[in-house]
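Here the structure is laid out as structure tokens; the discussion comes afterwards.
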Amino acid sequence: MYFLNQLRGGGRVLLTLLAVSPFLGVEAADPVEVFVGSEICVTDYVMDNFCIARGTLLDPSGVVSLGPDGPIDHTLHCLIDVPQCIKSPYEILKKLDNGNYGRAWRLESNDLVVAHAKGVGKCDECDGSGTQVAGYKATIFADVLDLGSDNVPALIKVTSVFDDTLGCGGVEYAVPSMVTGDGSGSGLSLNQKILIHGSLMLIGWGFLLPSGVIIARLARHRPGSLWFKAHIIIQPFALLLTIIAWSIALHNFRALESGKAAGKSYTHAVFGMITMVIGIFQPINAIFRPHPPAEGESKSVLRLTWEIVHKALGYAAAFILAPVTIVLGTQLVPNPKDGEGFQIAYGVFAIVLIMLIIGLVLDKRSTSTSENDEPAADKKLAVGDGEVVSLNA
Numbered sequence: 006m007y008f009l010n011q012l013r014g015g016g017r018v019l020l021t022l023l024a025v026s027p028f029l030g031v032e033a034a035d036p037v038e039v040f041v042g043s044e045i046c047v048t049d050y051v052m053d054n055f056c057i058a059r060g061t062l063l064d065p066s067g068v069v070s071l072g073p074d075g076p077i078d079h080t081l082h083c084l085i086d087v088p089q090c091i092k093s094p095y096e097i098l099k100k101l102d103n104g105n106y107g108r109a110w111r112l113e114s115n116d117l118v119v120a121h122a123k124g125v126g127k128c129d130e131c132d133g134s135g136t137q138v139a140g141y142k143a144t145i146f147a148d149v150l151d152l153g154s155d156n157v158p159a160l161i162k163v164t165s166v167f168d169d170t171l172g173c174g175g176v177e178y179a180v181p182s183m184v185t186g187d188g189s190g191s192g193l194s195l196n197q198k199i200l201i202h203g204s205l206m207l208i209g210w211g212f213l214l215p216s217g218v219i220i221a222r223l224a225r226h227r228p229g230s231l232w233f234k235a236h237i238i239i240q241p242f243a244l245l246l247t248i249i250a251w252s253i254a255l256h257n258f259r260a261l262e263s264g265k266a267a268g269k270s271y272t273h274a275v276f277g278m279i280t281m282v283i284g285i286f287q288p289i290n291a292i293f294r295p296h297p298p299a300e301g302e303s304k305s306v307l308r309l310t311w312e313i314v315h316k317a318l319g320y321a322a323a324f325i326l327a328p329v330t331i332v333l334g335t336q337l338v339p340n341p342k343d344g345e346g347f348q349i350a351y352g353v354f355a356i357v358l359i360m361l362i363i364g365l366v367l368d369k370r371s372t373s374t375s376e377n378d379e380p381a382a383d384k385k386l387a388v389g390d391g392e393v394v395s396l397n398a
């Protein structure tokens with residue numbers, strides 16, 4: 006009864022043909038050409054676009070999404086339970102001659118496939134009756150809505166979903182637009198974009214911006230306002246790198262859209278947003294800083310308030326918010342080895358920053374000691390009738 010209730014519209018016609026084809030001697034022929042409005046039947050693996058765009062699976066991690074093992078190893082937990090995955094469009098994959106998989110069809114709605122997958126799969130959101138852990142495959146009847154393009158597969162509206170054992174009776178439908186990559190058009194997978202984002206953020210917030218803060222705090226003893234010159238060169242350049250990395254995240258990642266259900270990804274995104282807002286605010290408030298007091302004058306309340314706010318925000322962003330965000334980010338990289346690489350690099354940067362602090366402190370002490378050891382200019386005092394007494398004696 007469930008089987009019959011699932012048949013809708015053209016699906017009934019297709020299934021009828023499939024049922025009688027063995028008795029009519031129907032054999033597999035050339036793929037049937039499709040057009041907008043065509044009714045099709047496809048039996049193959051289904052994967053979410055989030056994992057496709059990553060380049061490697063979220064679960065199990067490190068497996069190439071469209072590689073020979075990607076669709077087979079892709080778990081039902083990833084497909085159904087993970088917010089980023091279930092909220093992204095599902096796609097039907099087709100094996101290519103080279104052993105990898107191409108993106109054949111994109112679903113207009115995931116609903117019917119999700120309902121079927123929950124019935125046959127073993128996952129947190131599944132109904133408990135299924136046992137399949139990975140490699141979700143189904144027979145899907147659908148109407149073609151759009152023929153796709155070089156970067157996006159043809160769009161279909163699913164009308165019914167069955168176990169993959171049903172098959173399509175030997176009938177194959179030509180794929181209008183087979184996409185063999187993530188379809189970004191930039192030649193970069195989501196995984197590569199994550200690596201670029203992480204690298205720029207690590208260089209900016211993990212090294213350059215803290216360096217600028219440390220120099221501004223500990224290098225004021227150097228002549229010629231060296232600390233200020235270094236500060237206004239390092240900070241804007243580092244901030245530019247982080248803004249580029251931030252734009253990559255805003256354009257390509259969906260952690261904020263997924264909300265708290267995304268776990269560490271959402272926490273990382275929230276901390277990152279706060280850190281970047283502070284980072285961008287810092288040069289703006291520096292432009293409008295009150296003038297410092299003239300020699301012999303005390304600081305105005307406005308100047309004192311500005312210094313407290315500017316320094317407090319800088320310290321908080323560079324030494325509290327950024328480290329937390331970076332550490333979380335290293336745990337979210339698709340490939341664990343890449344995450345370990347980021348952690349090692351951050352550790353090296355931390356050591357260099359500590360050495361910078363130690364070096365500047367020692368330099369300041371050395372400079373102060375040298376100044377105290379230098380013979381002062383001969384100070385003389387006239388006493389009485391033109392007698393001169395040296396005060397250096």
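According to our numbering, the sequence shown is numbered sequentially starting from 6.
The beta carbon of each residue, even a glycine, is placed where N, CA and C say it ideally should be.
Query                                                                                                               : Result
Cβ-Cβ distance between Gly135 and Lys142 below 8 Å                                                                  : no
DSSP three-state assignment for Gly217, whether helix, strand or coil                                               : helix
Within 8 Å, strictly: CB atoms of Val184 and Pro158                                                                 : yes
Segment contact flag, the region 116 to 125 with the region 171 to 184, C-beta cutoff 8 Å, min 3 pairs              : no
Leu326 burial status per 10 Å Cβ neighbour count (16 or more: buried)                                               : buried
Test item: CB-CB of Tyr320 and Gly211 under 8 Å                                                                     : no
Straight-line gap, Ile409 to Asp132 (C-alpha atoms, nearest Å)                                                      : In this structure the chain extends from 6 to 398, so residue 409 is not present and cannot be described.
Test item: CB-CB of Val366 and Leu223 under 8 Å                                                                     : yes
Cβ-based burial, Glu96 [other Cβ within 10 Å; buried from 16]                                                       : buried
Pair within 8 Å by beta-carbon distance, Gly72 and Asn105                                                           : yes
7 Å Cβ shell around Ile5 - same chain, five flanking residues per side excluded                                     : What is shown of the chain runs 6 to 398, which leaves residue 5 out entirely.
Whether Leu337 touches Ser230 by CB criterion (8 Å)                                                                 : no
Alpha carbon of Ile91 to alpha carbon of Glu130, nearest angstrom                                                   : 11 Å
Val332 versus Val218: straight-line alpha-carbon distance, rounded                                                  : 20 Å
Under the three-state DSSP convention, the category Met206 falls into                                               : helix
DSSP beta-bridge partners of Lys99                                                                                  : Gly107
Own chain residues within Cβ distance below 7 Å of Ile57, not counting five before or after                         : Ser70, Leu71, Glu96, Arg108, Asp187
For Leu150, the first and last residue of its enclosing beta strand (DSSP E)                                        : 142 to 151
For Cys90, the three-state DSSP class (helix, strand or coil)                                                       : helix
Distance CB(Ala260)-CB(Ala250) smaller than 8 Å                                                                     : no
Reference Val357; option with closest CA among Leu213, Ala243, Ile285                                               : Leu213
Proximity to Asn156 [Cα-Cα], best of Gln137, Ala139, Ser194, Thr144                                                 : Ser194
Own chain partners of Cys83 with C-beta closer than 7 Å, once the 5 adjacent residues on each side are dropped      : Cys56, Leu62, Leu63, Asp64, Cys90
Residue nearest to Leu98 in terms of C-alpha spacing, selected from His121, Asp86, Leu160, Gly42                    : Leu160
Helix, strand or coil at Thr80 [DSSP, three-state]                                                                  : strand
Where Thr402 falls, given that 16 or more other Cβ within 10 Å makes a residue buried                               : Outside the displayed range of the chain (6 to 398) lies residue 402, so it cannot be described from this structure.
Member of Ala254, Phe324, Val138 whose CA lies at the smallest distance from the CA of Ile283                       : Phe324
Three-state class that DSSP yields for Gly229 in the structure shown                                                : helix
Backbone CA spacing between Leu204 and Thr272 [nearest angstrom]                                                    : Residue 204 is actually Ser in this sequence, not Leu. Their backbone Cα atoms lie some 19 Å apart in a straight line.
Counterpart residues of Ser165 in DSSP-defined beta bridges                                                         : Phe146
Rounded C-alpha distance that separates Phe258 from Ala322                                                          : 22 Å
Exposed unless 16 or more other CB atoms sit within 10 angstroms - verdict on His296                                : exposed
Three-state class that DSSP yields for Gln197 in the structure shown                                                : helix
Ser230 CB to nearest heavy atom of the ligand PLP below 7 Å                                                         : Ligands displayed in this structure: none; no statement on the ligand PLP is therefore possible.
Nonlocal neighbours in the same chain, by C-beta distance under 7 Å from Ala122, ignoring five residues either side : Leu81, Leu84, Ile85, Tyr141
Residue burial classification, Asp78 (beta-carbon count within 10 angstroms, cutoff 16)                             : buried
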